[in-house]
Amino acid sequence: MQQWSPEKIKAFQTTLLTWYDREKRDLPWRKDHAPYHIWVSEIMLQQTQVQTVIPYYQRFMATFPTVADLATAPEGELLKAWAGLGYYSRVRNMQKAAQQIMDDYQGDWPQTAAELEKLAGIGPYTAGAIASIAFNEPVPAVDGNAFRVFARLFEIDADIAKPQTRQLFYNVIKEVIATDRPGDFNQAIMDLGSSYMTAKNPDSAHSPVRDFNQAYLDGKELDYPVKSKKPRPVPVNYFALVIKTPTGYLFEQRPRTGMLGELWTVPLLKWSDLAENAADLLLPDLVTLVTQQFTENTQIKLALGLLGGRPVTHTFTHQKWLITLLYAELAVTPELSYFPGKVVAPADFATIAQPKVQLKIWQRFEQISEH
DNA sequence: CACGCGTGGGG
DNA sequence: TCCCCAAGCGT
């Protein structure tokens, strides 16, 4: 890794910011520097692409215009606003932080990265982004773009998948950040990382900072950043129970902790929870087990039928779900005192927050029932 | 520190 | 189809 002279640092800042002033993207959260706007956009943008975020951001701002609105919003409304975005703990933490701001800071935002990091859901990256963009504090905002851009500029070969590597990049960026325009500097790095200096098909030949890009100049651009691989998702088999009653379909709310916390799905049963040796059993035997277990746990008598076709698949970061659909029709709406869920008519589906995997299950069920 | 936590897009 | 990537954080 190399060292830059003060003159080179100054030239880099000028080149980068001149380009940013001319080419910066026109994004909904760039209309002003209100910390609430910056914050909501930064949380949504965690591990999520700009094009996905834009419509969610606009709906969210229309629904919860201020941090005070967010602090007092019913949790169901929050989850509905977030449904489909993923990483649902983000929105619960955001409401916690909104309440911290109202209660601990009397509605006035803390203005330094160190203070911002005390708020729920705000880590080192988001604290740096808000502090620099909204409050002009000269601190780095080290996200995936910054890792990639600076790894190439300086040929840094530390593994960016390792937590300790963050400090190394933080120190490098601290030396080159434009202290008079830290927010614009950090955002310019992000724009650079998503245009000329992308992970896969970079176009460094036309990049405004081409001459500063040591990895490109050495013809080794794609060797950076160094990042260790993650294990592939493990397959997990489920049954989805589509249970029709005279007044609608049976839904249950997932537990607060764990995957898809507090979102609503039709009852999902993991094969491995049905029997120790579930993997060795035949499908009809598994269906019998589901029927017995569901009836025992809920006092709802079922005669489940297997719906045909290949399983519905849905891949998460660490798991690939293979979901086989089962169907039952009840003559009367059951007593639900033993069942942690409710019956929802299709017309009311929009009143509950559903994850994408549930939408896939429903789509498949509709396809099957048309025939 | 390693891992859990969603989803969509592109090669 | 599979793999990687995308403005990370909490535990």
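Letter 72 of the first sequence, counting from 1, is numbered 72 in full-length UniProt numbering, and no numbers are missing.
Quick reminder that beta carbons are idealized off the backbone N, C-alpha and C, glycines included.
Does DSSP put PRO225 in a helix, in a strand, or in coil?
For this step, residue 225 is matched to residue 225 along the first sequence. Correct three-state label for PRO225: coil.
Residue from VAL357, PRO355, GLN13 and PRO6 whose Cα sits closest to the Cα of PRO182:
What you label residue 182 is simply residue 182 of the first sequence in a count that begins at 1. For the residues VAL357, PRO355, GLN13 and PRO6, the minimum Cα distance to PRO182 belongs to GLN13.
Give the single residue among ALA141, GLN95 and GLN299 whose Cα lies nearest to the Cα of PHE185.
Counting from 1 along the first sequence, the entry for residue 185 is found at position 185. Among ALA141, GLN95 and GLN299, the Cα nearest to that of PHE185 is on ALA141.
Assuming VAL209 contacts THR15 (C-beta within less than 8 Å), just tell me the rounded distance between them.
In the first sequence, residue 209 corresponds to position 209, counting from 1. In the first sequence, residue 15 corresponds to position 15, counting from 1. With a Cβ gap of about 6 Å, VAL209 and THR15 count as contacting.
What did DSSP end up calling ILE43 once you bin it into helix, strand or coil?
To locate residue 43, count along the first sequence from 1; it is residue 43. Three-state result, ILE43: helix.
Cβ neighbours of ARG256 in the same chain (closer than 8 Å, five flanking residues each side left out):
To locate residue 256, count along the first sequence from 1; it is residue 256. Correct list, in chain order: GLU262.
Does the beta-carbon of PRO110 have 16 or more other beta-carbons within 10 angstroms, so that it is buried, or is it exposed?
Along the first sequence, one-based indexing puts residue 110 at 110. Its Cβ being crowded by 16 or more others within 10 Å, PRO110 is buried.
According to DSSP, is PHE316 part of a helix, a strand, or is it coil?
Position 316 of the first sequence holds residue 316. The answer is coil: DSSP assigns PHE316 none of H, G, I, E or B.
PRO163 to TYR170, Cα distance in whole Å?
For the purposes of this step, residue 163 is identified with residue 163 of the first sequence, where counting begins at 1. For the purposes of this step, residue 170 is identified with residue 170 of the first sequence, where counting begins at 1. Distance between the alpha carbons of PRO163 and TYR170: 12 Å.
How long is the line joining the alpha carbons of LEU359 and HIS314, rounded to whole angstroms?
For this step, residue 359 is matched to residue 359 along the first sequence. For this step, residue 314 is matched to residue 314 along the first sequence. In a straight line, the C-alpha of LEU359 is about 11 Å away from that of HIS314.
Close-in-space but distant-in-sequence residues of the same chain around SER207 (CB under 6 Å, 5 per side omitted):
Here residue 207 is taken as the residue at index 207 of the first sequence, counted from 1. Excluding residues within five positions, the ones whose Cβ falls inside 6 Å are TYR196.
State buried or exposed for GLY258, treating a residue as buried only when at least 16 other CB atoms are found within 10 Å of its CB.
Mapped onto the first sequence, residue 258 falls at position 258. Label assigned to GLY258: exposed.
7 Å CB neighbourhood of ARG90 in its chain, flanking five on each side removed
Walking along the first sequence from the start, residue 90 turns up at place 90. Cβ neighbours of ARG90 beyond the five flanking positions: ILE43, GLN46 and GLY121.
What is the DSSP secondary structure of TRP109, reduced to helix, strand or coil?
Taking the first residue of the first sequence as position 1, residue 109 is located at position 109. If DSSP states are grouped into helix, strand and coil, TRP109 belongs with coil.
Tell me, which residues are paired with TRP321 by DSSP?
Residue numbering aside, residue 321 sits at position 321 when the first sequence is read from its first letter. Paired residues: VAL236 and HIS314.
If you check the beta carbons only, do GLY248 and VAL343 fall under 9 Å apart?
What you label residue 248 is simply residue 248 of the first sequence in a count that begins at 1. What you label residue 343 is simply residue 343 of the first sequence in a count that begins at 1. Yes, these two residues count as a Cβ contact at 9 Å.
Assess contact between the stretch 75-87 and the stretch 49-65, defined as three or more Cβ pairs (one per stretch) separated by less than 8 Å. Is contact present?
yes
Which residues in the same chain as TYR57 place their Cβ atom closer than 8 Å to its Cβ, once the five residues preceding and following it in sequence are excluded?
For this step, residue 57 is matched to residue 57 along the first sequence. Excluding positions up to five away in sequence, the list reads PRO28, TRP29, VAL40, SER41 and MET44.
Residue from LEU168, PHE316, PRO355 and LYS270 with nearest C-alpha to ASP143
Position 143 of the first sequence holds residue 143. Per the Cα distances, LEU168.
Coarse secondary structure for ILE243, derived from DSSP in three states:
As a working mapping, residue 243 is identified with position 243 in the first sequence. Of the three classes helix, strand and coil, the one that applies to ILE243 here is strand, per DSSP.
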